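Just below is one structure, and these are the notes that go with it.
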Amino acid sequence: MDVTLYAIALAVFAVLYLAIGVFLAFTLIITLLILFAYLVIRYRDLPDNYPHSATDAITTMIFIGITWAIFTFVADKNPLPFIGSGLTYTNQAAVPFDTILAIGFVVAILFLGVFAFLAGRRESQMGPAPANEPPKQGVGAG
Numbered sequence: 777m778d779v780t781l782y783a784i785a786l787a788v789f790a791v792l793y794l795a796i797g798v799f800l801a802f803t804l805i806i807t808l809l810i811l812f813a814y815l816v817i818r819y820r821d822l823p824d825n826y827p828h829s830a831t832d833a834i835t836t837m838i839f840i841g842i843t844w845a846i847f848t849f850v851a852d853k854n855p856l857p858f859i860g861s862g863l864t865y866t867n868q869a870a871v872p873f874d875t876i877l878a879i880g881f882v883v884a885i886l887f888l889g890v891f892a893f894l895a896g897r898r899e900s901q902m903g904p905a906p907a908n909e910p911p912k913q914g915v916g917a918g
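With the sequence shown counted from 1, adding 776 to any position gets you the numbering used here.
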């Protein structure tokens, strides 16, 4: 299971849908675009460079879908705000929580993108591990 992808999906969905109050349709579209952007930045040529198997990818998708369904069910919104006029369905509060969360969200995504880009470049520069050598051990190797 791709734990990083799962964590990104949960964080983005929770911030957009539960905290800021973005309509569900927009939340799903934005979250899926962010997940795809992460995968493209992190693993470059998909599906060749994706290190997980198809079973792991399906498991991750199922976990993400179930968690999104739980978030949607737990939220106290009746009727379900799937789509409407504007981007959000909430009224403005005295303290601009949505602005603070949006700024934090953007900063988190930027850090995630930068570190995913750097990790992808580091892996491509190191090259594949030689197949003939035995694995190197850390502490206690003698």
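All C-beta atoms in this analysis are idealised placements derived from N, C-alpha and C, irrespective of residue type, glycine included.
All values reported here derive from a predicted model rather than from experimental measurement.
Alpha carbon to alpha carbon, what distance is there between residue j and residue i?
i, j, result
"Phe887", "Leu894", "10 Å"
"Thr875", "Ile817", "26 Å"
"Leu809", "Gly889", "13 Å"
"Leu863", "Val798", "6 Å"
"Val791", "Asp824", "31 Å"
"Val883", "Ile840", "23 Å"
"His828", "Trp844", "22 Å"
"Leu822", "Phe881", "26 Å"
"Leu856", "Ile846", "13 Å"
"Ile885", "Asp832", "24 Å"
"Ile834", "Tyr782", "12 Å"
"Tyr819", "Tyr826", "6 Å"
"Tyr865", "Ile838", "28 Å"
Please tell me whether residue i and residue j are closer than 8 Å, where the distance is taken between their beta carbons.
i, j, result
"Ile784", "Leu811", "yes"
"Tyr793", "Ala892", "no"
"Ile806", "Ala878", "no"
"Phe858", "Leu786", "no"
"Met777", "Thr836", "yes"
"Phe789", "Thr803", "yes"
Would you kindly report the start and end of the unbroken alpha helix (DSSP H) that includes residue i?
i, result
"Met837", "Ala830 to Val850"
Task: Segments assigned alpha helix (DSSP H), at least 4 residues, entirely inside the region 779-827 - done: The qualifying runs are 779-789 and 800-819.
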